[in-house]
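Encoded as structure tokens, the structure appears first; notes follow it.
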Amino acid sequence: MNVVIVGCGRVGGFLAGLLDSEGHHVSVIDIASTSPARAERAWFQHLPASFKGETILGDGTDLDVLRQAGIERADAVLALTEGDNRNLMAAQIAHKIFAVKRVIAKVNDPVRAQTYRQMGINTFSRTTILGTLLLALLMEDREVGEVLLRKSLAHEEELAHEPVKAR
Amino acid sequence: MYFVVAGAGEVGLHLSQALLEAGHEVTILEADRRRANYVQERLGSIVMNAAADEGRAQMEAGCNRADALIAVTGDDAKNLVICQLAKLNCHTPRVIARVNNPKNEIVFKTLGIDETISSTRVLMGVIEQELPTGGFMPLMPLAGTPNELIEAEIAPGSPPAGKTIAALRLPTGALVGGIVRKGKLMAADDETTLEVGDRVIVLSPEVSESEVRKALFG
Numbered sequence: 000m001n002v003v004i005v006g007c008g009r010v011g012g013f014l015a016g017l018l019d020s021e022g023h024h025v026s027v028i029d030i031a032s033t034s035p036a037r038a039e040r041a042w043f044q045h046l047p048a049s050f051k052g053e054t055i056l057g058d059g060t061d062l063d064v065l066r067q068a069g070i071e072r073a074d075a076v077l078a079l080t081e082g083d084n085r086n087l088m089a090a091q092i093a094h095k096i097f098a099v100k101r102v103i104a105k106v107n108d109p110v111r112a113q114t115y116r117q118m119g120i121n122t123f124s125r126t127t128i129l130g131t132l133l134l135a136l137l138m139e140d141r142e143v144g145e146v147l148l149r150k151s152l153a154h155e156e157e158l159a160h161e162p163v164k165a166r
Numbered sequence: 000m001y002f003v004v005a006g007a008g009e010v011g012l013h014l015s016q017a018l019l020e021a022g023h024e025v026t027i028l029e030a031d032r033r034r035a036n037y038v039q040e041r042l043g044s045i046v047m048n049a050a051a052d053e054g055r056a057q058m059e060a061g062c063n064r065a066d067a068l069i070a071v072t073g074d075d076a077k078n079l080v081i082c083q084l085a086k087l088n089c090h091t092p093r094v095i096a097r098v099n100n101p102k103n104e105i106v107f108k109t110l111g112i113d114e115t116i117s118s119t120r121v122l123m124g125v126i127e128q129e130l131p132t133g134g135f136m137p138l139m140p141l142a143g144t145p146n147e148l149i150e151a152e153i154a155p156g157s158p159p160a161g162k163t164i165a166a167l168r169l170p171t172g173a174l175v176g177g178i179v180r181k182g183k184l185m186a187a188d189d190e191t192t193l194e195v196g197d198r199v200i201v202l203s204p205e206v207s208e209s210e211v212r213k214a215l216f217g
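As structure tokens, this is what we get:
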């Protein structure tokens with residue numbers, strides 16, 4: 000699969016690594032942020048050392064940047080920046096302008112997530128997903144999160160043994 | 000008429016003031032508490048300290064009875080979502096979005112927001128009118144470099160009309176990227192002769208802009 004990921008924070012970087020290690024072609028876009036808090040940090044620092052895909056520095060809601068990332072050949076686009084609105088804009092551009100088949104946007108505000116889902120944009124809200132999972136754990140309702148937890152723990156195990164990027 | 004203005008930056012503040020002076024009813028949504036207080040002091044109690052991109056705040060501001068919502072924050076993605084939510088949830092009959100990146104005008108149209116205002120484009124229009132001898136438009140900076148893209152139309156009687164590009168004597172570092180002649184894009188080299196009505200696309204260091212202007216307009 001050809002996958003474009005907009006936003007390379009912890010989630011974006013983690014998922015890009017997973018897809019890449021499974022043999023998919025991944026392009027990751029992250030903004031050249033002007034905010035001092037982020038400018039200090041290395042771009043794409045959350046990508047694993049083994050990542051073989053492409054990294055593009057730019058605005059993931061800009062048509063030309065998306066083209067550069069290969070959105071015209073993409074089978075899937077995931078919008079995973081820190082901003083709900085940016086994710087919704089990037090997802091709509093992918094869906095309506097580039098006709099990408101599978102588009103998912105991370106939207107932390109559950110109300111906005113639901114509104115756009117009704118408009119045909121696939122959204123998920125970490126607020127409700129994580130909240131529901133935590134409640135289930137607290138109530139010892141194992142059924143809710145069993146598969147999810149087993150898989151995430153396995154990924155964590157792999158990450159812990161990830162080789163360090165040599166300079 | 001009743002207007003909801005999303006965002007109380009400089010644009011939002013002065014727009015609201017103008018609307019109030021014209022006798023309209025206005026509610027401003029501003030997420031930043033200090034800015035909201037400041038604008039409240041200047042314009043009176045028409046400011047709601049709430050995020051305009053949240054459906055509940057739009058409801059409370061009365062978007063469902065508003066004649067129009069105008070989203071004027073400095074963030075294009077936010078303006079898009081504000082307008083879409085107002086259309087979808089509140090059925091606001093007119094939504095108008097400020098577009099900061101001119102490229103987004105077409106994106107907004109495709110995504111269902113028909114009315115956009117691009118401050119960049121408005122300014123460009125003003126500049127064009129100020130220069131009756133032909134359009135000289137710095138289009139945009141080339142991201143991450145000290146260079147920019149300039150478009151210039153060759154006016155009748157101007158120095159470059161009928162000359163080759165080599166004879167223009169463009170400043171060092173500037174180059175002609177291409178020409179739009181009668182609506183068609185064509186490549187250009189030193190030997191290409193410029194005709195009246197040609198629109199020349201020049202790539203130039205930003206510091207050399209005035210020299211480029213001189214070469215093209217004398």
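Respectively, the protein sequence lines represent chains A and B.
Numbering that gives the first Met the number 0 puts the first residue of the first sequence at 0, with every later residue one more than the last.
Numbering that gives the first Met the number 0 puts the first residue of the second sequence at 0, with every later residue one more than the last.
Every residue gets a Cβ at the ideal spot worked out from N, C-alpha and C, and that includes glycine.
Assign residue i to one of two classes, buried (16 or more other C-beta atoms within 10 Å of its C-beta) or exposed (fewer than that).
i	result
A/Leu137	exposed
A/Arg111	buried
B/Asn63	exposed
B/Asp66	exposed
B/Gly22	exposed
B/Ala60	buried
B/Asn26	One point to set straight first is that residue 26 of chain B is Thr, not Asn, in the sequence displayed. B/Thr26 is buried by the Cβ-count criterion.
A/Thr127	exposed
B/Glu147	buried
A/Val146	exposed
A/Leu18	buried
A/Leu134	exposed
A/Asp108	buried
B/Gly105	It is worth fixing the name first, because residue 105 of chain B is Ile in this sequence and not Gly. When all chains shown are included, B/Ile105 counts as exposed.
A/Gly16	buried
B/Asp113	exposed
A/Thr131	exposed
A/Arg85	buried
B/Lys183	exposed
A/Gly6	buried
B/Gly143	exposed
In angstroms, rounded to a whole number, what distance separates the CA positions of residue i and residue j?
i	j	result
B/Ala96	B/Leu110	12 Å
B/Glu29	A/Ser49	44 Å
A/Gln117	A/His23	30 Å
B/Met47	B/Glu20	19 Å
A/Met88	A/Thr60	6 Å
B/Glu150	A/Gln67	24 Å
B/Ser44	B/Leu167	59 Å
B/Val10	A/Gln44	37 Å
A/His160	B/Arg198	59 Å
B/Thr72	A/Glu156	44 Å
A/Lys150	A/Leu129	15 Å
A/Gly11	A/Val99	19 Å
B/Val201	B/Pro155	19 Å
B/Ala5	B/Val121	20 Å
A/Asp148	A/Tyr115	Checking the displayed sequence, the identity of residue 148 of chain A turns out to be Leu instead of Asp. When rounded, the distance between both Cα atoms is 28 Å.
A/Phe13	A/Trp42	14 Å
B/Thr119	A/Arg141	56 Å
A/Ile30	B/Val80	19 Å
Please return the same chain residues whose Cβ sits closer than 7 Å to the Cβ of residue i, not counting the five positions on each side in sequence.
i	result
B/Arg212	Phe135
B/Glu210	Pro170
B/Ala187	Ile164, Val175, Gly177 and Ile178
B/His224	Only positions 0 to 217 of chain B appear in the structure, and residue 224 of chain B is not among them; the question remains open.
A/Arg101	Asp74 and Ala75
B/Asn88	Gly54 and Gln57
Identify, in the order they occur along the chain, each residue of the same chain with its Cβ nearer than 8 Å to the Cβ of residue i, setting aside the five sequence neighbours on each side.
i	result
B/Val206	Pro145
A/Val64	Ile28, Ile55, Gly57 and Asp58
B/Glu194	Ile153, Ala160, Gly161 and Arg180
A/Ile120	Leu87, Ala90, Gln91, His94, Val102 and Ala104
A/Pro162	Ala48 and Ser49
Looking at the unbroken beta strand (DSSP E) that takes in residue i, where does it start and where does it end?
i	result
A/Asp29	His24 to Asp29
B/Asn99	Run containing B/Asn99: none; DSSP gives neither H nor E here.
B/Leu193	Careful: B/Leu193 lies outside any beta strand (DSSP E) and carries neither H nor E.
A/Leu17	Run containing A/Leu17: none in the beta strand (DSSP E); it sits in the alpha helix (DSSP H), Arg9 to Ser20.
B/Leu68	Ala67 to Ala70
A/Asn1	Asn1 to Val5
A/Glu53	Glu53 to Leu56
Would you mind reading off the limits of the alpha helix (DSSP H) that contains residue i?
i	result
A/Leu147	Arg141 to Ala159
B/Leu202	Run containing B/Leu202: none in the alpha helix (DSSP H); it sits in the beta strand (DSSP E), Arg198 to Pro204.
B/Ile81	Asp75 to Cys89
B/Ala214	Glu208 to Phe216
A/Leu62	Leu62 to Gln67
Given residue i, which residues of its chain have a CB within under 6 Å of its CB, disregarding the five upstream and five downstream residues?
i	result
B/Thr192	Thr163
A/Leu53	Contrary to the premise, residue 53 of chain A reads as Glu rather than Leu in this sequence. Here the set comprises Ser26.
B/Thr115	Ala96, Val98, Glu104 and Phe107
A/Val2	Leu18, His23, Val25 and Ala75
Query raised in the report: Can you list the beta strand (DSSP E) stretches of 3 or more residues lying completely in the segment 110–187 of chain B, in chain order?
Result: If you keep only unbroken beta strand (DSSP E) runs of at least 3 residues inside the segment 110–187 of chain B, you get 114–117, 135–140, 146–152, 174–180 and 183–185.
Report task. Would you mind listing the alpha helix (DSSP H) stretches within the segment 5–57 of chain B that are 4+ residues and don't spill past its ends, in chain order? Result -> Every alpha helix (DSSP H) of 4 residues or more that sits fully in the segment 5–57 of chain B is shown, in chain order, as 9–20 and 32–42.
Query raised in the report: Considering only residues of the segment 74–130 of chain A, which uninterrupted alpha helix (DSSP H) runs meet the minimum length of 4 residues and lie entirely inside it, listed in chain order?
Result: Complete alpha helix (DSSP H) runs here, min 4: 83–91 and 109–117.
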